[in-house]
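Working notes, structure below.
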Amino acid sequence: MLKRRIIPTLLLRNGRMVKGKQFREFRDTGNPVTATRVYNAQAADELVFLDIEASQENRGTLLGIIEQVSKEAFMPFSVGGGISSLQAVRDLTLAGADKVVITTAAVENPGLIEEAAEAFGRQCIIAGIDVKKEDGKYVVYTHSGHNRVDVDLISHVQNMEKMGAGEIFINSIDHDGMMQGYDLELITLVSEATTRPVIAMGGAGNFQHLVEAYAAGAHAAACASVFHFGDNNPPRARAFVKNAGYPVKTV
Amino acid sequence: MIGIIDYGMGNLRSVYNALDYIGQDAELITDAARLPDYERLILPGVGAFTNAMNNLRSRGFEAGIKSHVESGKPFLGICLGMQLLASRGVESGDTTGLDIIPGDVVPMELGPQFPTPHVGWNNVDLSYKHPLFAGVKNNIDFYFVHSYHFVTLDPKAVLGITDYGGPFNSIVASGSVVGVQFHPEKSQQGGLAILENFATWDGKC
Chain Z
4 MLKRRIIPTL LLRNGRMVKG KQFREFRDTG NPVTATRVYN AQAADELVFL DIEASQENRG
64 TLLGIIEQVS KEAFMPFSVG GGISSLQAVR DLTLAGADKV VITTAAVENP GLIEEAAEAF
124 GRQCIIAGID VKKEDGKYVV YTHSGHNRVD VDLISHVQNM EKMGAGEIFI NSIDHDGMMQ
184 GYDLELITLV SEATTRPVIA MGGAGNFQHL VEAYAAGAHA AACASVFHFG DNNPPRARAF
244 VKNAGYPVKT V
Chain E
569 MIGIIDYGMG NLRSVYNALD YIGQDAELIT DAARLPDYER LILPGVGAFT NAMNNLRSRG
629 FEAGIKSHVE SGKPFLGICL GMQLLASRGV ESGDTTGLDI IPGDVVPMEL GPQFPTPHVG
689 WNNVDLSYKH PLFAGVKNNI DFYFVHSYHF VTLDPKAVLG ITDYGGPFNS IVASGSVVGV
749 QFHPEKSQQG GLAILENFAT WDGKC
């Protein structure tokens, strides 16, 4: 039986690991390579690295981190942040990334998803979608939550699937870092709109929140604060989720 | 020395890194003429079946792989590398495979409650004891990511079965050849144990 995944997510800024609230107020949370070693020892299911200030200067730093990570992490990992060309996908996969998360470019140039899926296989391409709720309606954002864009969420999800994205990574800006639980309505809406696996992000503050995300339709729950700010780790998360009746990885 | 066949299908660094981590010497092979220098070969890969076979053929690897296997030397196919062992694949075209283990590689067609790719951790039920899985507990989880699966009419070729919307063949084996649909290099202790066993396996069962 396929297991539900718990995915620690590491936000990177200038080569350091950070965590914020609602895409702002970032706090330093340590060295990403050290954190990776710990997650590897704890047999985390998978890791996601998101470079939140992706820029030309940062690209080299990011590739360096990914190369180090790939020598220490014997689990799949994905990398996102500022990926806008096939060359960027190639550079990251050659540095060791198994998958890439494409968010801003997926809105600005959906054809990139198609080209990347064709070149690297759709299992390699995750469509990232950052969402904010405004006047009761879900609105898509790009550029790490800075730019509001005029695309319908559900059409965008379905277009990503059509273009060949292998997974959908849905992130709630409102819930990010608040540790009050995921946006369950958003998860259900998106998972019902696509036949691709959905990774939910934004809001986990305890392990019950992960269970709620699965119940809402998520195949995988990504989380950051719950592991950064508290005495929690993936083995304890797996034990909790298992007791709640969802299958988890047997080590 | 383990040779990792580099035929232009995706990143092979993770397989190399995993072997390096467990202290095994490995090299990437880009020149088919060098295949006979290696006692053990790994065929990794991600991407589509047809492209992969075209790449293997245009780079001259097919004959060398077959003679390696015919001489009874250990051979491990991973993910797409496992699927290429089949007689035929239908991903972006209808293509003859390496035809080392009889079977077809076809899309997983499951209900809407079973999205593809089949991605994540899933357990493997071993059909019989095999040296490559010595010390590996039955039914532990390995990391999978694929949308096609290996169908064979030869029950003896099936070493492991996994359930995703129904059973499918997650390990095929024949003589000195084993193919795993999952990624041992991404499957932590259980996966590294398989690679460690492969490094010392003499190809006999």
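First to last, the protein sequences are chains Z and E. Note that the first sequence covers residues 4 to 254 in the working numbering. Note that the second sequence covers residues 569 to 773 in the working numbering. C-beta atoms are modelled at their ideal positions from N, C-alpha and C, and glycine is treated no differently.
Let me confirm a value: residue 140 (chain Z) is counted as buried when at least 16 other C-beta atoms fall within 10 Å, else exposed. Which label applies? Translated into positions along the first sequence, residue 140 (chain Z) becomes position 137. By the 10 Å Cβ count, residue 140 (chain Z) comes out exposed.
So, does the CB of residue 704 (chain E) fall closer than 8 Å to a CB anywhere in chain Z? Here residue 704 (chain E) is taken as the residue at index 136 of the second sequence, counted from 1. No, no contact with chain Z.
Report the CB separation of residue 692 (chain E) from residue 738 (chain E) in whole angstroms; it is logged as a contact under 8 Å. Here residue 692 (chain E) refers to the residue found at position 124 of the second sequence. Here residue 738 (chain E) refers to the residue found at position 170 of the second sequence. Residue 692 (chain E) to residue 738 (chain E), Cβ: 5 Å. Contact.
Partners in chain E for residue 97 (chain Z), counting only beta-carbon separations shorter than 9 Å: Here residue 97 (chain Z) refers to the residue found at position 94 of the first sequence. Going along chain E in sequence order, the residues near residue 97 (chain Z) (Cβ under 9 Å) are 579, 581.
Check for me: the beta strand (DSSP E) holding residue 730 (chain E) runs from which residue to which? Position 162 of the second sequence, counted from the start, is the residue given in the question as residue 730 (chain E). Start and end: 726 to 731.
Under DSSP, the beta strand (DSSP E) around residue 11 (chain Z) begins and ends at which residues? For this step, residue 11 (chain Z) is matched to residue 8 along the first sequence. Element bounds for residue 11 (chain Z): 8 to 16.
Can the beta-carbon of residue 621 (chain E) be found less than 8 Å from the beta-carbon of residue 652 (chain E)? Position 53 of the second sequence holds residue 621 (chain E). Position 84 of the second sequence holds residue 652 (chain E). Yes; because the gap between Cβ atoms is below 8 Å, this pair is in contact.
Residues in its own chain within less than 7 Å of residue 170 (chain Z) by CB, not counting five upstream and five downstream? Stepping through the first sequence from its first residue, residue 170 (chain Z) is reached at position 167. Closer than 7 Å at the Cβ level, and outside the excluded window around residue 170 (chain Z), lie 129, 199, 200, 202.
Any Cβ of chain Z within less than 8 Å of the Cβ of residue 616 (chain E)? Residue mapping note: residue 616 (chain E) aligns to position 48 of the second sequence, counting from 1. Answer yes: the Cβ-Cβ gap between residue 616 (chain E) and chain Z drops below 8 Å somewhere.
Between the segment 680 to 712 of chain E and chain Z, which residues of the former have a C-beta closer than 9 Å to a C-beta of the latter? 680, 682, 683, 684, 685, 686, 687, 688, 689, 690, 691, 705, 707, 708, 709, 711, 712
Helix, strand or coil: which one does DSSP assign to residue 230 (chain Z)? Counted from its first residue, the first sequence places residue 230 (chain Z) at position 227. Residue 230 (chain Z): helix per DSSP, three-state reduction.
The ligand NAD heavy atom lying under 7 Å from the CB of residue 659 (chain E): This structure lacks the ligand NAD, and indeed carries no ligand of any kind.
Report the rounded CA-to-CA distance for residue 87 (chain Z) versus residue 63 (chain Z), giving the unit in angstroms. Position 84 of the first sequence, counted from the first residue, corresponds to residue 87 (chain Z). Position 60 of the first sequence, counted from the first residue, corresponds to residue 63 (chain Z). Taking the straight line from one Cα to the other gives about 15 Å.
Using Cβ-Cβ distances below 8 Å, what residues of the segment 581 to 611 of chain E are close to chain Z? For the segment 581 to 611 of chain E, which is checked against every Cβ of chain Z, the residues closer than 8 Å are 581, 582, 585, 586, 588, 589.
Please report the Cβ distance between residue 51 (chain Z) and residue 80 (chain Z), rounded to the nearest whole angstrom; I am assuming they are in contact, meaning their Cβ atoms lie under 8 Å. Counted from its first residue, the first sequence places residue 51 (chain Z) at position 48. Counted from its first residue, the first sequence places residue 80 (chain Z) at position 77. 7 Å between Cβ atoms; contact.
Exposed or buried, which one is residue 188 (chain Z) when buried takes at least 16 other CB atoms within 10 Å? Locating residue 188 (chain Z) in the first sequence gives position 185, counting from the first residue. Classification for residue 188 (chain Z): exposed.
Determine, for residue 124 (chain Z), whether the minimum Cβ-Cβ distance to residues of chain E falls below 8 Å. To locate residue 124 (chain Z), count along the first sequence from 1; it is residue 121. So, interface residue.
Would a check of beta-carbon distances place residue 574 (chain E) closer than 8 Å to chain Z? Here residue 574 (chain E) refers to the residue found at position 6 when the second sequence is read from its first residue. No, residue 574 (chain E) lies away from the interface with chain Z (no Cβ there is under 8 Å from its Cβ).
Return the CA-CA distance between residue 764 (chain E) and residue 650 (chain E), expressed in angstroms with no decimal places. Walking along the second sequence from the start, residue 764 (chain E) turns up at place 196. Walking along the second sequence from the start, residue 650 (chain E) turns up at place 82. Their Cα atoms are separated by approximately 18 Å.
Residue from E:727, E:713, E:586, E:630 with nearest C-alpha to residue 573 (chain E): For this step, residue 573 (chain E) is matched to residue 5 along the second sequence. The residue with the shortest Cα to Cα distance from residue 573 (chain E) is E:630.
Is the Cβ-Cβ distance between residue 701 (chain E) and residue 752 (chain E) less than 8 Å? What you label residue 701 (chain E) is simply residue 133 of the second sequence in a count that begins at 1. What you label residue 752 (chain E) is simply residue 184 of the second sequence in a count that begins at 1. The answer is no: Cβ separation not under 8 Å.
Can you list the residues of chain Z that residue 624 (chain E) reaches, using a CB-CB cut of under 7 Å? What you label residue 624 (chain E) is simply residue 56 of the second sequence in a count that begins at 1. Chain Z residues near residue 624 (chain E): none, gap ~16 Å exceeds 7 Å.
Are the beta-carbon atoms of residue 147 (chain Z) and residue 69 (chain Z) separated by less than 8 Å? Translated into positions along the first sequence, residue 147 (chain Z) becomes position 144. Translated into positions along the first sequence, residue 69 (chain Z) becomes position 66. It is not a contact, given that the beta carbons lie outside the stated cut-off.
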